[in-house]
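Numbered according to the numbering used here, the sequence shown terminates at residue 62, and the numbering increases by one at each position without gaps.
Notes to accompany the following structure.
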Amino acid sequence: MYIQQIYKLKKLAEEHKSLSRLFDVLAIFLFPFIVLLGFTIIIAFWVVSCVKPIKPINEKMPEPELVDEKPILSEA
-13 MYIQQIYKLK
-3 KLAEEHKSLS
7 RLFDVLAIFL
17 FPFIVLLGFT
27 IIIAFWVVSC
37 VKPIKPINEK
47 MPEPELVDEK
57 PILSEA
């Protein structure tokens, strides 16, 4: 009975080691991508905050002022 429990604990510890190694390898490979994603999000928020907002299309544009000019043909 005691030997079976020791065997089960040993097997469980080996499974834990293999899972730990798997997580270590995943962390090493995924870390650069996580860092790049973080920088991308920060830069995206920075760019969005710096860009001036565009006026909506439905907002009326101001009418251009009309300038009274003499026609060129009347000068001749």
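All C-beta atoms, glycine included, are put in the ideal place defined by N, C-alpha and C.
Rounded separation between residue i and residue j - CA only
i       : j        : result
GLU51   : LYS38    : 26 Å
ILE27   : SER4     : 34 Å
SER6    : MET(-13) : 29 Å
VAL34   : LEU22    : 18 Å
ILE20   : GLU1     : 27 Å
CYS36   : LYS(-3)  : 57 Å
LEU8    : PHE17    : 14 Å
LEU(-5) : ASP10    : 22 Å
Segment limits, alpha helix (DSSP H) that includes residue i
i     : result
VAL21 : -12 to 36
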